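Residue numbers (the working numbering): 1 to 286.
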């Protein structure tokens, strides 16, 4: 009965289900965190909350709904096809080479300001981003190998799998039932960026989301967007741990080094074309 109720839903019904079920699971996870002594003033407790959020908001709802939506959810979410070594190599190279270009876009994004009438809202965004940045720095402030590996899991592997499963595997998939594949990519990318609630990182994060979406459309395997997302996050975690400077990576490509951002963009477009090229004959069937 439930399988028919959920499975026969329209694309809009599925989007509503995805949002509501995710919020329900998230509230459940937050309740569990609270009753087991969750403390917002403890970094360790905040890390546990981060883990719970990733699992309860992104992973479990998609697993739950996938069972009711599809006969073969693994296949429907593009998890059944493993990527080729060449594809893996290109995606890793892409995510390394694109970093200065993303930083350059972030720099331009930071120059955009809301109208004077919305100054209060802009200040609110700034305050939120400052707090989020401070919390991230606290998360990254580890001195041991074990702490580094846990951060890789918490801040790179878990969000890479969970967010790509949620946004590209489920949401983009549902939007493509109504819109073209490319339109679905960009709608999902916008939502992906908005949900992070960081106005000054909106454009680069939207571009990253679109890039992950295109990679899925071209290769038909979710493992490559997951890999791309993981490498992107793991670079920040690793550079901070090994250099002790969390600004080193994010500033490369900005201001005086903008030329590297431009070169990075050109190289990244070429690598994207290399990823796209093998799919040209089958792209119309995707």
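Using N, Cα and C, we set each Cβ at its ideal position, and we do this for glycine too.
As the structure is a computational prediction, the values presented were derived from the model and not from experiment.
Could you tell me whether the Cβ atoms of residue i and residue j are closer together than 8 Å?
| i | j | result |
| --- | --- | --- |
| residue 229 | residue 116 | no |
| residue 101 | residue 264 | yes |
| residue 200 | residue 123 | no |
| residue 52 | residue 69 | no |
| residue 185 | residue 162 | no |
| residue 169 | residue 62 | yes |
| residue 88 | residue 235 | no |
| residue 165 | residue 77 | yes |
| residue 153 | residue 192 | no |
| residue 79 | residue 261 | no |
| residue 55 | residue 151 | no |
| residue 203 | residue 109 | yes |
| residue 135 | residue 46 | yes |
| residue 271 | residue 9 | no |
Note the first and the last residue of the continuous alpha helix (DSSP H) segment covering residue i.
| i | result |
| --- | --- |
| residue 200 | Looking at the DSSP string, residue 200 is not in any alpha helix (DSSP H), and its letter there is neither H nor E. |
| residue 22 | 11-35 |
| residue 222 | Looking at the DSSP string, residue 222 is not in any alpha helix (DSSP H), and its letter there is neither H nor E. |
| residue 261 | 258-276 |
Using the three-state DSSP reduction, which class does residue i fall into: helix, strand or coil?
| i | result |
| --- | --- |
| residue 115 | coil |
| residue 193 | helix |
| residue 142 | coil |
| residue 8 | coil |
| residue 244 | coil |
| residue 42 | coil |
Task: 4-residue-minimum alpha helix (DSSP H) runs that sit fully inside the stretch 54-129, ordered along the chain - done: 60-69, 73-76, 85-97, 99-110
- [ ] Evaluate the contact criterion for the stretch 213-228 versus the stretch 259-279: three or more CB pairs, one atom per stretch, below 8 Å.
- [x] yes
TODO: Quick one: which unbroken alpha helix (DSSP H) runs of 4-plus residues sit fully inside the stretch 152-184? Chain order, please.
DONE: Every unbroken stretch of the alpha helix (DSSP H) spanning 4 or more residues and falling wholly within the stretch 152-184 is given here in chain order: 158-164.
TODO: Take every Cβ of the stretch 39-46, pair it with every Cβ of the stretch 142-160, and state whether three or more of those distances are shorter than 8 Å.
DONE: no
- [ ] Evaluate contact between the stretch 64-80 and the stretch 7-17, counting only Cβ atoms and requiring at least three cross-stretch pairs below 8 Å.
- [x] yes
Task: At least 3 beta-carbon pairs within less than 8 Å: the stretch 166-182 vs the stretch 89-96 - done: no
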